[in-house]
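Colleague: The structure is given below, and queries will be raised subsequently.
Number of protein chains: 2
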Amino acid sequence: MRTEKMPTDIRKEQIVEAALAILSDNAAPKLKMTDVARQLGLAPSALYRHFKNRDAMLSAILEHIRTMLHTNLEKVRQQTDNAVERLHAMLVRHGRLIREQQAIPRIVFSDEIWGQKKERRQRMYRIVTGYLAEIEAIVVEGQAKGEIRMDVEARVVAKIFFGIVQPAALLWHMSEGDFDLEGHINDAWTLLLEMVVRR
Amino acid sequence: MRTEKMPTDIRKEQIVEAALAILSDNAAPKLKMTDVARQLGLAPSALYRHFKNRDAMLSAILEHIRTMLHTNLEKVRQQTDNAVERLHAMLVRHGRLIREQQAIPRIVFSDEIWGQKKERRQRMYRIVTGYLAEIEAIVVEGQAKGEIRMDVEARVVAKIFFGIVQPAALLWHMSEGDFDLEGHINDAWTLLLEMVVRR
DNA sequence: TCCTTATGTGAATCTGATTTCACATTAGCT
DNA sequence: AGCTAATGTGAAATCAGATTCACATAAGGA
Numbered sequence: 014m015r016t017e018k019m020p021t022d023i024r025k026e027q028i029v030e031a032a033l034a035i036l037s038d039n040a041a042p043k044l045k046m047t048d049v050a051r052q053l054g055l056a057p058s059a060l061y062r063h064f065k066n067r068d069a070m071l072s073a074i075l076e077h078i079r080t081m082l083h084t085n086l087e088k089v090r091q092q093t094d095n096a097v098e099r100l101h102a103m104l105v106r107h108g109r110l111i112r113e114q115q116a117i118p119r120i121v122f123s124d125e126i127w128g129q130k131k132e133r134r135q136r137m138y139r140i141v142t143g144y145l146a147e148i149e150a151i152v153v154e155g156q157a158k159g160e161i162r163m164d165v166e167a168r169v170v171a172k173i174f175f176g177i178v179q180p181a182a183l184l185w186h187m188s189e190g191d192f193d194l195e196g197h198i199n200d201a202w203t204l205l206l207e208m209v210v211r212r
Numbered sequence: 014m015r016t017e018k019m020p021t022d023i024r025k026e027q028i029v030e031a032a033l034a035i036l037s038d039n040a041a042p043k044l045k046m047t048d049v050a051r052q053l054g055l056a057p058s059a060l061y062r063h064f065k066n067r068d069a070m071l072s073a074i075l076e077h078i079r080t081m082l083h084t085n086l087e088k089v090r091q092q093t094d095n096a097v098e099r100l101h102a103m104l105v106r107h108g109r110l111i112r113e114q115q116a117i118p119r120i121v122f123s124d125e126i127w128g129q130k131k132e133r134r135q136r137m138y139r140i141v142t143g144y145l146a147e148i149e150a151i152v153v154e155g156q157a158k159g160e161i162r163m164d165v166e167a168r169v170v171a172k173i174f175f176g177i178v179q180p181a182a183l184l185w186h187m188s189e190g191d192f193d194l195e196g197h198i199n200d201a202w203t204l205l206l207e208m209v210v211r212r
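For the record, the sequence lines run as chains X and C.
Just so you know, this note's numbering puts the end of the first sequence at 212, numbered straight through with nothing missing.
Just so you know, this note's numbering puts the end of the second sequence at 212, numbered straight through with nothing missing.
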């Protein structure tokens, strides 16, 4: 295997992506430096040229996930102006994300997060609540434009949204793809829709 | 510390409970044999008198959790006959469970489950789906008695229920108790109620 | 009470992973 | 082309935690 030298900024990206790929692969229990290195055809020690240690690498991964979520949201915002449609689009996209990026729930729930570093848990908490806040914002805008009924609290809708997506990820995961992801999302959407637009 | 000899059936119980206690303690990252032993004032090696290995111990813990969930449900069934009240009672109890037994989400999400053993993941999947099935049953009974509208699928209600409880656990956890658990459950209940009884 | 066996112990071992280090190579600048 | 700093490597050090084992002890039945 040919392993070229890479400028560290690119290599860092590659490492993060390799890590996500590994985590998305159902077989992988815990993220090992060795595995990440192999994925790139590098020696484990090479990783330390780019990250101080495993911990720093994990931080970079977290950041990458945050960005993915945010980007997702931006795209939906551009895709349509209507709040209800936006919520739906978010759900659908999230379904895809769950399929393709199993890494996300994997990380969110992993011991890495819950372990030692209180700091990391807080970081994750901020990512999640930040995401919720963005969804909430969509709802609030929708309410202002009369697309969404006023008497449900936006904050609650956001949490319900989260509540659709998160267990779906979990169940899909546990079932090794057996769980009917789309079905669940459709069902949930029907109810959410009714909840949000009807009186 | 005085450490008496214990018949293995009692000791097993103690070990499982010690493990849960450790996991419920926010400080604990991963469940270490050493920690479990210390909690009981035993030498680590003593644990191996009661469980073949760490893995067997984890299995016992899973089983214990399954029992807890099931017991919870049984109590609610006895508490009231009305399906809607039952759902509410379940929510409230679950809130308590989240507070007191942080161990449960901890285990459910842990690497222990997702790691190596496919078998264990399946076991967990069965526990969760079993629980969902029981909630679904409550809904179905409620529908038969006219307490719950017929045109929402029981299966979906069960998942929504799960969707209320699970993210709550996660957020409460991440926030180190800062997250407004009761508020969330109340809000969610209001919506669920409307969804389930209104047309 | 005596014996047998289950339970407990501490030290040693095994395992699997992260990390460090001295050395090699390549990229890219002048 | 030649130099230098950045990147990569393999072997070895380190670490943490699970597990084993030979030995100790106490519980409970005969």
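C-beta: ideal position from N, C-alpha, C; glycine also.
Answer with yes or no whether the minimum CB distance from K43(X) to chain C is below 8 angstroms.
Modeller: For the purposes of this step, residue 43(X) is taken as residue 30 along the first sequence, with counting starting at 1. Interface residue, yes.
Colleague: Grab me the residues of H197(X)'s own chain with a C-beta within less than 6 angstroms of its C-beta, minus the 5 sequence neighbours each way, in chain order.
Modeller: On the first sequence, residue 197(X) is found 184 positions in, with the first residue counted as 1. A181, listed in sequence order.
Colleague: Taking only runs of the alpha helix (DSSP H) that begin and end inside the region 118–154 of chain C, which ones reach a length of at least 4 residues, in chain order?
Modeller: Runs found: 124–127.
Colleague: Taking only beta-carbon atoms, is M187(X) less than 8 angstroms away from chain C?
Modeller: If you number the first sequence from 1, residue 187(X) lands on position 174. Yes, because at least one Cβ of chain C sits closer than 8 angstroms to the Cβ of M187(X).
Colleague: Counting contacts by CB-CB distance shorter than 8 angstroms, is G143(C) in contact with chain X?
Modeller: Counting from 1 along the second sequence, the entry for residue 143(C) is found at position 130. Chain X, which has no Cβ nearer than 8 angstroms to the Cβ of G143(C), makes this no.
Colleague: Note down, in chain order, every chain X residue with its Cβ under 9 angstroms from the Cβ of R79(C).
Modeller: Your numbering for residue 79(C) matches position 66 in the second sequence. None at all; the shortest Cβ gap to chain X is about 14 angstroms.
Colleague: Please decide whether L206(X) counts as near chain C, where near means a Cβ-Cβ distance under 8 angstroms.
Modeller: Position 193 of the first sequence, counted from the first residue, corresponds to residue 206(X). Cβ-Cβ to chain C under 8 angstroms: no for L206(X).
Colleague: Report the three-state DSSP secondary structure of Q115(C) (helix, strand or coil).
Modeller: Residue numbering aside, residue 115(C) sits at position 102 when the second sequence is read from its first letter. In this structure, Q115(C) counts as coil in the three-state DSSP scheme.
Colleague: Measuring straight from C-alpha to C-alpha, what distance separates A167(X) and S37(C)?
Modeller: The count along the first sequence starts at 1 and reaches residue 167(X) at position 154. The count along the second sequence starts at 1 and reaches residue 37(C) at position 24. Between A167(X) and S37(C), the C-alpha separation is close to 32 angstroms.
Colleague: Please check if any C-beta of chain C sits within less than 8 angstroms of the C-beta of K65(X).
Modeller: As a position in the first sequence, residue 65(X) is number 52, starting the count at 1. No, K65(X) does not count as interfacial toward chain C.
Colleague: Between the alpha carbons of M14(X) and P57(X), how many angstroms are there, rounded?
Modeller: Taking the first sequence and counting its residues from 1, the one referred to as residue 14(X) is at position 1. Taking the first sequence and counting its residues from 1, the one referred to as residue 57(X) is at position 44. Unreliable positioning characterises M14(X) in this predicted model, as indicated by a pLDDT of 43, which lies under 50. A coordinate reading is not provided.
Colleague: Which residue from M81(X), A150(X) and A157(X) puts its Cα closest to that of V169(X)?
Modeller: Within the first sequence, residue 169(X) is the residue found at index 156, counting from 1. Answer by Cα proximity: A150(X).
Colleague: Taking Cβ-Cβ distances below 9 angstroms as the criterion, which residues of the region 98–126 of chain X are in contact with chain C?
Modeller: Listed by position along the chain: P118, R119, V121, F122, S123, D124, E125 and I126.
Colleague: Does D62(X) pass the burial test, meaning 16 or more other C-beta atoms within 10 Å, or should it be called exposed?
Modeller: Numbered from 1 along the first sequence, position 49 holds the residue referred to as residue 62(X). Residue 62(X) is actually Arg in this sequence, not Asp. It is exposed - the Cβ of R62(X) has fewer than 16 other Cβ atoms within 10 Å.
Colleague: So with Cβ pairs under 8 angstroms, would you call A50(C) a contact of chain X?
Modeller: One-based indexing of the second sequence puts residue 50(C) at position 37. No, because no Cβ of chain X sits closer than 8 angstroms to the Cβ of A50(C).
Colleague: Going straight from the alpha carbon of L206(X) to that of G143(X), what length do you get?
Modeller: Taking the first residue of the first sequence as position 1, residue 206(X) is located at position 193. Taking the first residue of the first sequence as position 1, residue 143(X) is located at position 130. Their Cα atoms are separated by approximately 23 angstroms.
Colleague: Hey, R112(C) and V89(C) are a contact pair by Cβ (cut 8 angstroms); roughly how many whole angstroms apart?
Modeller: The sequence position of residue 112(C) within the second sequence is 99, counting from 1. The sequence position of residue 89(C) within the second sequence is 76, counting from 1. With a Cβ gap of about 17 angstroms, R112(C) and V89(C) do not count as contacting.
Colleague: Using a Cβ-Cβ cutoff of less than 7 angstroms, which residues in the same chain neighbour I161(X) once the five nearest sequence positions on both sides are dropped?
Modeller: Residue numbering aside, residue 161(X) sits at position 148 when the first sequence is read from its first letter. Cβ neighbours of I161(X) beyond the five flanking positions: A96, V97, V152, G155, V209 and V210.
Colleague: Pull out every residue of the region 161–173 of chain X whose Cβ sits closer than 8 angstroms to any Cβ of chain C, in chain order.
Modeller: Answer in chain order: V165, E166, R168, V169, K172 and I173.
Colleague: So, with DSSP's three-state summary, where would you put A96(C)?
Modeller: Position 83 of the second sequence holds residue 96(C). Helix at A96(C).
Colleague: Taking C-beta pairs closer than 9 angstroms, name the residues in chain X that R133(C) reaches, listed in chain order.
Modeller: For the purposes of this step, residue 133(C) is taken as residue 120 along the second sequence, with counting starting at 1. In chain order: nothing, as chain X lies at least about 10 angstroms away.
Colleague: Is there a C-beta anywhere in chain X that falls below 8 angstroms from the one on Q179(C)?
Modeller: In the second sequence, counting from the first residue as 1, residue 179(C) sits at position 166. Yes, Q179(C) lies at the interface with chain X (some Cβ there is under 8 angstroms from its Cβ).
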